[in-house]
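Per the working numbering, residue 47 is the first one in the sequence shown, and the count goes up by one each step.
For glycine and all other residues, C-beta sits at the position ideal for the given N, C-alpha and C.
Reviewing the structure listed below.
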Amino acid sequence: MDSYCGLKVAESFRASCCANRLRASASASLWAVFIAADSAAFTCTWAALRATSASTAESWQRLGFVARGDVAGRGRDADQLTVWVHSLGPTDDLFSYADQSDEDTKLNVVIDANVFFDLHGEDAALDKESRVLLEPWVDDAVKLHVADELHNEINRHTVAEERETYHRVANNYPEIQYDQTRAAGYLTSLDQIMGKAAATESEKSDRKQLAHAAAGDADIFLTRDKELIAAASDIYARLDIRVMRPSDLAGGLDETERTSAYRPSRLVATSFTHCAVRATEIDSLVSRVQLSGLGEKATVLAATLRTHLTKVRANPQSELNVVRSPEGEIAALIVRVRPADDGDGIISFLRIPRMPLDRTLARHLLLHAVQTNAHEGRVRLVIEDKFLTALVVEALLELGFARSERGWIRHTPAIMSDRNNLIAALEKRGVDSAPLVLLPASEVEAHYWPAKLLKEGISCYIIPIAPTWAAQLFDSTLAAGELFGAFARLALNRENVYYRSAKNGSFTLPARLLWYVKKEDAVPGTMAVRACSRLISVETGPAKALYAKHRRLGIYEWREVIATAKDDPMGEIMALRFADTEQFSTSVEVTALRDIGITSTFQSPTKITEDQFEYIYRAGTKK
């Protein structure tokens, strides 16, 4: 007798079949088909058999059986036998432990064999990438599954004790339940996507696990297989399942939950866009911003960015954003960490590849980070990036950052008070106040912007401006309503120039400017002060000379400048050079200006008192 079969039908309609020393022969295949068919006739959900592990593995796998564990044989030689199981339907079987109490909102995530062994193998502690799955937030957001094919991968281990341990651990995971017909079709699709059939048993198992996950309607398949990850977009299109690395899970979940953060939006109403970095973009991002010339390794940068994606998941106040040019190229990467308390704001990465407007963009992003840090009540902003280009360092120095052991630091006190109170506030935070004692008032405001120093004789003016020019120079809200938005070279500039008539206007430096947007019926939000700037210089002279000097700044073309000079190239006009503009969160309307005694019709610059400036600034910034 070559073989035998015994059939047992349990109360639950589950069948167990046993074959003695079956080998990869015709009789073995015949009995396997019989077992599956006969079990199905009894409306059972699974069939099981036992066989010697090494000799028949390939045959049973080919017939759709999955290795479930090892048991001792009953013969005289007591050979170790492998338990093989053939699923006959999508219903949970004996080896499934799905927790029915899990919330329906959790995403179903299947881990493949290499991730499983990362977590539970001998070197589990060494693999940081996969061990992110042990973080507490993972259990709150996802339900981790395995595919039954994992047990076949386990069965390839040569040490019986290891096999048994891994089988037992794998059984603690819920198994993804799948439709076998769909899984077979998906497996064919995977071979087509990859452009070739799987060459090794490991490759076959990897694709089976992915096919089973897709056929079980899993949301995400986690793997470290580089070929599957490279084909993730095609796999998603054909199988409707997202393939990603374990370290990308946090970013993937964040993308699912905060869709608005990942939707590109215009940067201050320009044609530049910004949005959160997607987990799937990490590799292409690294190739764009890696600074290999400074000794930075691509693998380390990629791993660090993936770690930051996990941190963003834990602290949604933090940001990992990318800026793209109008042509869609990566123009900047900025990673900002914002602690839950009032600790220092941190920029972990600031990368600006060489491209048009790179210097302008660097200053804009840093200035925005400084302003945000100050408005959040943080006294220091720290740039921790160890790999900074000369372009970024130049911008840091210009904006008042200083080198320290922690990186580049700038103090950002959001204070509007006299010098003594500013000194006291900084010293309370352990900041050296020596610069405050020595610097003149205008330099203090530049050095500690957006702080405002009162009772130091800084002049204050309200400047009328047309809505169109305001939109181009500083007002992203008004620019958003324009057909083409704002010009990037102007809106992103830290400094700009505004030309006006030389008549009816005189200025005393140092000075602050408040921008009053003049009435225009078709434009909402006019007849109000909408922004504040530092006045750097005022020049009066021939239109031709001033235009030539400041051509790189400002919103005017020559035809507009000459119009300001009444069509006379030598006619005198005024150029106001200003910097560090703050757009108000709340417009201060003309009625509020009247309430504090400002009666001007705003046809020309209006000088106001410092008390009036303080009122308007506090109202506009809600301080």
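The alpha helix (DSSP H) runs of length 4 or more contained entirely in the stretch 532-600 are, from start to end of the chain, 534-537 and 589-595. The shortest C-alpha to C-alpha distance from Val428 to any of Gln417, Asp390 and Leu445 is the one to Asp390. Contact annotation, Ile619 with Leu581: C-beta distance approximately 17 Å; criterion of less than 8 Å not satisfied. Between the stretch 254-261 and the stretch 217-231, the count of C-beta pairs closer than 8 Å reaches three or more; the two stretches touch. Proximity of the stretch 172-187 to the stretch 284-293 meets the contact definition, three or more beta-carbon pairs being nearer than 8 Å. Apart from sequence neighbours up to five positions away, the residues of its chain that approach Gly666 with a beta-carbon distance below 6 Å are Phe630, Thr632 and Val634, ordered along the chain. Counting every other CB atom within 10 Å of its CB across the protein chains shown gives Glu168 a total below 16, marking it as exposed. Ala516 places its beta carbon less than 8 Å from that of Val563. Residue burial is scored here from C-beta neighbours: Ala589 has at least 16 other C-beta atoms within 10 angstroms and is therefore classed as buried.
With a contact defined as Cβ atoms closer than 8 Å, Ala349 and Asp329 miss out at about 11 Å. Selection Gly110, Arg400 and Gly446 evaluated against Leu437 yields Arg400 as nearest (Cα-Cα). Taking one beta carbon from each stretch, the stretch 429-449 and the stretch 458-475 have fewer than 3 pairs nearer than 8 Å; the two do not touch. Here Trp604 is exposed, its C-beta having fewer than 16 other C-beta atoms within 10 Å. In this structure, the CA atom of Thr435 is about 48 Å from the CA atom of Ser646. For Thr523, the enclosing alpha helix (DSSP H) begins and ends at Ser522 to Ala526. Look at the beta carbons and you see the stretch 534-552 touching the stretch 310-322: at least three pairs across the two are nearer than 8 Å. Per the coordinates, the alpha-carbon of Ile455 lies some 30 Å from the alpha-carbon of Pro310.
With the rule of 3 Cβ pairs closer than 8 Å, the stretch 375-383 does not count as touching the stretch 495-514. When DSSP states are grouped into helix, strand and coil, Lys668 belongs to the coil group. In the structure shown, the three-state DSSP call for Val335 is helix.
The C-beta distance from Leu268 to Arg253 rounds to 15 Å, too long to meet the 8 Å contact threshold. Less than 8 Å divides the Cβ of Ser394 from the Cβ of Val383. Between the alpha carbons of Asp478 and Leu485 lies a distance of about 13 Å. For the options Leu411, Arg405 and Lys357, the alpha carbon positioned closest to that of Pro385 is the one of Lys357.
With distances taken between CA atoms, Gly643 lies nearest to Phe659 out of Phe659, Glu342, Asn218 and His354.
Listed in chain order, the alpha helix (DSSP H) runs fully inside the stretch 158-241 are 159-166, 182-187, 196-201, 206-216 and 226-240, counting runs of at least 4 residues. Contact between the stretch 561-579 and the stretch 510-526 is present: 3 or more CB-CB pairs across the two stretches fall below 8 Å. Taking Lys549 as reference, the option from Leu445, Pro651 and Asp286 with the minimal CA-CA separation is Pro651.
Contact annotation: Ser251 and Arg284 have beta-carbon atoms that are not nearer than 8 Å.
The shortest C-alpha to C-alpha distance from Ile509 to any of Arg664, Ile654 and Gln107 is the one to Ile654. Counting along the chain, Ser650 sits inside no beta strand (DSSP E), nor does DSSP assign it H or E at all.
About 4 Å separates the Cβ atoms of Ile266 and Val155, confirming a contact at the 8 Å cut-off.
Lys357 carries a helical assignment under DSSP once its states are collapsed to helix, strand and coil. Collapsing the DSSP output to three states places Lys474 in a helix. Residue pairing by DSSP places Ile461 opposite no residue, since no beta bridge is assigned to it.
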